[in-house]
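One structure is given below, encoded as structure tokens.
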Amino acid sequence: MRLATYNVEWFANLFDTHDRLIVDDGWSGRHNITRAAQIEALGKVFTALDADAIMVIEAPNTGRRQSCVRALEGFAATFGLRTCKALTGFTNDTHQEIALLYDPDAVQAHHDPQGAISGKKGSTDAPRFDGTFRIDLDIDATEDLVRFSKPPLELSLRTAAGTVVRMIGAHLKSKAPHGARTKDAVMRVSIANRRKQLAQAIWLRARIDAHLKGGESLILLGDLNDGPGLDEYEKLFGRSSVEIILGDTLFDPHAQAALGHRFGVRHATARFGRPGGERFLQALLDYIMVSPDLTDRGGIWRIWHPFDDAECWKIPELRAALLMASDHFPVTLDIDI
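The working numbering numbers the first residue of the sequence shown as 2 and each following residue consecutively.
Shown next, in the form of structure tokens:
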């Protein structure tokens, strides 16, 4: 079985208010790329992935008139994808949903949130992901109230082979200091964002521990917006959110490689243009982590990087599509479940 996670930049911009693809020469949210060009590129990438289930990060919007599920299923029908069914959980106000696009012949899935429902005052005991988490991050005797702007998608899956797996799709808070103009403002916003991201990671880790304690198989996929050694503010808190989520139980070979080798060759799942457009910044942000009982299922992890993956590089059409479709690249896991 092939599982994937894919952050599609500005996916919502490709659909009208009735969730139909806008195939025209208007600009998408991607720099200097039209909607038609991005849609065509995405069709090629999703077709090439040929996955049984794809955790789509920054999926199309759900609102008063729009439906992420309807948009994704329409997209799949347009390109004849076998991942023709879509599923979401708690929706959000960011126009960036988390959704599973899957092949119903390979997987049965349903939204299955865990944790107690918390009121406005929140809970210290890892509440449901659409609630509020109370935590004192800096030991100042004052609890912070933390919410997910994009609540993780919790799923129960049964594969065609009969394997039951818990799956969590996550998109943690970005650390980028959006809106900050001065050096002091950048530092203040960056630290505040990292505090919130670490709190989200601790909340997520508590849910992971509960599943593992219950003897459940678990796969966590998504964009964690973090990795060991990515910025100087990590030193203030001791660990990255990726390290918190991994703990000493979950496994992802790319994360493990980054933890073990702070220098030298590094894996990357995202490529961002720097101001001026002359250089690019690469980062490892997207992961597929598995519980200990799944590590001996013959898992093969792959980052579909247009320059670093030999198969992607040797197919010019796919290489170009990966660069045009998003600023992130898909990550896949082939595993015997």
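Ideal Cβ placement from N, Cα and C applies to all residues, glycine included.
Going by C-alpha positions, A207 is about 33 Å away from D51. With the rule of 3 Cβ pairs closer than 8 Å, the region 30-42 does not count as touching the region 53-62. Boundaries around G44 are those of the alpha helix (DSSP H), 36-50, since no beta strand (DSSP E) includes it. V24 and E41 have their C-alpha atoms some 9 Å from each other. The residue from V332, S292, F149, E279 with its alpha-carbon nearest to that of Q97 is F149. Inter-residue distance for L285 and S68 is about 30 Å (C-alpha atoms, whole angstroms). Rounded to whole angstroms, the gap between the alpha carbons of R65 and S218 is 36 Å. Remark: three or more beta-carbon pairs, one from each stretch, lie closer than 8 Å, so the region 152-159 and the region 101-121 are flagged as touching. A check of alpha carbon separations from G215 across R267, R167, K151, I99 identifies R167 as the nearest. In the three-state DSSP reduction, N194 falls in the helix class (H, G or I). Taken in chain order, the whole beta strand (DSSP E) runs of length 3 or more contained in the region 284-309 are 287-291, 301-304.
Taking L324 as the centre and dropping the five residues before and after it, the same chain places the C-beta of P307 closer than 7 Å to its C-beta, in chain order. Note on geometry: alpha-carbon atoms of H172 and L225 lie some 6 Å from one another. The DSSP-derived three-state label of R66 is coil.
Using a 10 angstroms sphere on the CB of L4, the tally of other CB atoms reaches 16 or more, which defines it as buried. A contact between stretches requires three or more CB pairs, one per stretch, nearer than 8 Å, and the region 290-303 meets this requirement with the region 250-258.
Beta-bridge pairing by DSSP links T6 to M56, V332. From the listed residues V243, F76, D94, L221, the smallest Cα separation to I169 is found for L221.
A check of alpha carbon separations from A49 across R83, A72, P61 identifies R83 as the nearest. Going by C-alpha positions, D104 is about 20 Å away from I301. For R320, the enclosing alpha helix (DSSP H) stretches over residues 317-326. W305 and L319 have their alpha carbons spaced roughly 10 Å apart.
Beta-bridge partners assigned by DSSP to D224: H172, D287.
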